[in-house]
Amino acid sequence: MDTAPLAFRPARRIAHIGVSEILKIGARAAQLKREGRPVIVLGAGEPDFDTPDNIKDAAIAAIKAGATKYTTLDGTAELKDAIVAKLRRENQLDYAANEITVGAGAKQVIHNALMASLDEGDEVVIAAPFWTSYADMVIIAGGVPVPVVGREENGFRLDAADLEAAITPRTRWLMLNSPSNPTGAAYSPADLRPICDVLLRHPQVWLMSDEIYEHLAYGNFICTSPVAVEPALKERSLIVNGVSKSYAMTGWRIGYGAGPRPLIAAMAVVQSQSTTNPASISQAAAVEALNGPQEILKERRASFERRRDLVVKALNAIPGITCRKPEGAFYTFASCAGVMGRKTPSGQVLESDADFCRYLLEEHDVAVVPGSIFGLAPYFRISYATAEAELRTAMTRIAGAVEALS
Ligand code: PMP
Numbered sequence: 030m031d032t033a034p035l036a037f038r039p040a041r042r043i044a045h046i047g048v049s050e051i052l053k054i055g056a057r058a059a060q061l062k063r064e065g066r067p068v069i070v071l072g073a074g075e076p077d078f079d080t081p082d083n084i085k086d087a088a089i090a091a092i093k094a095g096a097t098k099y100t101t102l103d104g105t106a107e108l109k110d111a112i113v114a115k116l117r118r119e120n121q122l123d124y125a126a127n128e129i130t131v132g133a134g135a136k137q138v139i140h141n142a143l144m145a146s147l148d149e150g151d152e153v154v155i156a157a158p159f160w161t162s163y164a165d166m167v168i169i170a171g172g173v174p175v176p177v178v179g180r181e182e183n184g185f186r187l188d189a190a191d192l193e194a195a196i197t198p199r200t201r202w203l204m205l206n207s208p209s210n211p212t213g214a215a216y217s218p219a220d221l222r223p224i225c226d227v228l229l230r231h232p233q234v235w236l237m238s239d240e241i242y243e244h245l246a247y248g249n250f251i252c253t254s255p256v257a258v259e260p261a262l263k264e265r266s267l268i269v270n271g272v273s274k275s276y277a278m279t280g281w282r283i284g285y286g287a288g289p290r291p292l293i294a295a296m297a298v299v300q301s302q303s304t305t306n307p308a309s310i311s312q313a314a315a316v317e318a319l320n321g322p323q324e325i326l327k328e329r330r331a332s333f334e335r336r337r338d339l340v341v342k343a344l345n346a347i348p349g350i351t352c353r354k355p356e357g358a359f360y361t362f363a364s365c366a367g368v369m370g371r372k373t374p375s376g377q378v379l380e381s382d383a384d385f386c387r388y389l390l391e392e393h394d395v396a397v398v399p400g401s402i403f404g405l406a407p408y409f410r411i412s413y414a415t416a417e418a419e420l421r422t423a424m425t426r427i428a429g430a431v432e433a434l435s
């Protein structure tokens, strides 16, 4: 009998999913840095600020008080109460504690929701350009991602008629993200109205509203949840949010969801057989983030707004690059259509946004991410969650890179 081990065969559900392209670019940038190159990375979706001290202190106090054991499966009572209060205070939405779920980041909350709801072949409409993980998470859960592109003329927002055309009897969810990663586009109540109207006509479609960048909206823009715009959608919506971006707590891994009890209960089943509760210490920290002083949000928002303005202005001053001014998040999504077909000093013709981004990284030491991986080309995404001085240098390098093209 042949007892030689068989080669590992990945499950079908992950066979076509690679490690995130953004992480790959980050790894290449890190390698170049190790080789001594002064690479500036504008790729990561992470605030450069540190977690505020009051939040860190709450975590230390929790450790000392012995909050180091398993907690209630999908969130402590204290944290669920803090989330209920937050939704009431900031979003004018009423949820009961048993309509709240807490996971290891908004990412786990989304994963739980998809695993809890999708059967093989169920479709999920995703407003594109979209955060790349959405589509892969849908596939892992057995679903079929159906990206619907929001064009730049429409502020990269989902057009209601396009949404309507994409809905089939198998559509289970619409995934909407405002302000958006990667475009920074945000939806006003007037923008949301026609989308809500389409959903009202299709009662089988639930809404997953990812509001993780809610606190990062600039100028007079105020983020409004679609559930507040159309309360009738509350009974088939999941609001997704978390502390990662607002409170600079990406490493703590706390995200939450608010939705109808049967969905929340099904999500708890998924979580109970994967990670159990999110970290007890991080939950205590998140309570302080939500209940504690909020002034720091304003200061940080002002800092992000300055950086947005700096980057948008610098990009639009480069011939061949155009950049819409985004309402929120910490990303710009600029078109590089004007440099397509041009030649680098080493003789390469730029044929795609990926070519352009590779040229910027390999020859000009700036790491940015091609729009094609978010579902719209030829664009590139910049994360401006980086010190202003670095941003200025990066903008000068991008300008120099474009100038060097023939
Ligand atoms: N949603 C969006 C749109 C994001 O960009 C991210 C982080 N990149 C997340 C959710 C996940 O955030 P976390 O898991 O850290 O809460």
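Just so we're aligned: the sequence shown equals residues 30 to 435 in my numbering. Note that beta-carbon positions come from the ideal geometry of N, C-alpha and C, so glycine has one too.
In its own chain, which residues sit with a C-beta less than 6 Å from the C-beta of G321, not counting the 5 before and 5 after it? Counting only residues of its own chain and dropping the five nearest sequence neighbours on each side, G321 has a CB closer than 6 Å to the CB of N83.
Using the DSSP secondary-structure output, state which residues sit across from I69 in a beta bridge. The partner list for I69 (beta bridge, DSSP) reads V395.
DSSP bridge partner residues for C352 (one or two, in chain order): Answer by DSSP bridge pairing, in chain order: A363.
Heavy atom of the ligand PMP less than 8 Å from the Cβ of D239, yes or no? It does: the Cβ of D239 is within 8 Å (strictly closer) of some heavy atom of the ligand PMP.
Let me confirm a value: E259 is counted as buried when at least 16 other C-beta atoms fall within 10 Å, else exposed. Which label applies? Buried: at least 16 other Cβ atoms inside 10 Å.
Residue nearest to R410 in terms of C-alpha spacing, selected from K354, E391 and Q312: Comparing Cα-Cα distances from R410 to each of K354, E391 and Q312, the minimum goes to K354.
Can we say the region 297-304 touches the region 132-152, given the rule of at least three CB pairs closer than 8 Å? Three or more Cβ pairs closer than 8 Å define a contact, and the region 297-304 meets that threshold against the region 132-152.
CA-to-CA distance, R329 to V368, given in whole angstroms: Taking the straight line joining both Cα atoms gives about 34 Å.
Taking only three categories from DSSP, how would you classify A56? In the structure shown, A56 sits in a helix (DSSP, three-state: H, G or I).
Compute the Euclidean distance between the alpha carbons of A358 and G248, then round it to the nearest angstrom. One C-alpha to the other measures close to 12 Å.
Residues that DSSP places opposite P176 in a beta bridge: In the DSSP output, where bridge partners are listed per residue, P176 has I155.
Could you tell me if the beta carbon of G400 falls within a distance shorter than 8 Å of some heavy atom in the ligand GDP? The ligand GDP is not among the ligands present in this structure, which contains only the ligand PMP.
CA-to-CA distance, Y216 to Y388, given in whole angstroms: If you take the alpha carbons of Y388 and Y216, they lie about 33 Å apart.
Neighbour-count burial assignment, L71, 16 or more Cβ in a 10 Å radius: Around the beta carbon of L71, 16 or more other beta carbons lie within 10 angstroms, which makes this residue buried.
Beta-carbon proximity of A127 to R290, cut-off 9 Å: Here residue 127 is Asn; the residue named in the question, Ala, does not match the sequence. In this structure, N127 lies near R290, with their beta-carbon atoms less than 9 Å apart.
Beta carbon of A414 nearer than 9 Å to that of A73: Yes. Within cutoff.
Unbroken alpha helix (DSSP H) runs of length 4 or more, entirely within the region 68-117: which are they? The alpha helix (DSSP H) runs lying completely inside the region 68-117 and spanning 4 residues or more are 82-93, given in chain order.
Can you name the residues that DSSP bridges to D239? Answer is N206 and V269, bridged to D239.
Could you tell me which of R117, M166 and P76 sits nearest to R42, measuring between CA atoms? It is M166 whose Cα lies nearest to the Cα of R42.
Kindly indicate the opening and closing residues of the beta strand (DSSP E) around T279. Boundaries cannot be given for T279, as no beta strand (DSSP E) includes it and DSSP labels it neither H nor E.
With burial defined as no fewer than 16 other Cβ atoms inside 10 Å of the residue's Cβ, what is the status of N210: buried or exposed? Buried is the call here.
Through-space distance from A133 to D394, alpha-carbon basis: About 34 Å.
Can you look up I293 in the DSSP assignment and give me helix, strand or coil? In the three-state DSSP reduction, I293 falls in the helix class (H, G or I).
For A423, which residues of its own chain have a beta-carbon under 7 Å away from its beta-carbon, when the five flanking residues on both sides are left out? Within the same chain, I69, L71 and V395 come within 7 Å of A423 by CB-CB distance, once the 5 residues on both sides are set aside.
Simplified DSSP state of T415, which is helix, strand or coil: In this structure, T415 counts as coil in the three-state DSSP scheme.
Quick one, are the C-beta atoms of R282 and S273 less than 9 Å apart? Cβ distance < 9 Å, so R282 and S273 count as in contact.
For M296 and A111, believed in contact at Cβ under 8 Å, the rounded distance: That pair is no contact at about 19 Å.
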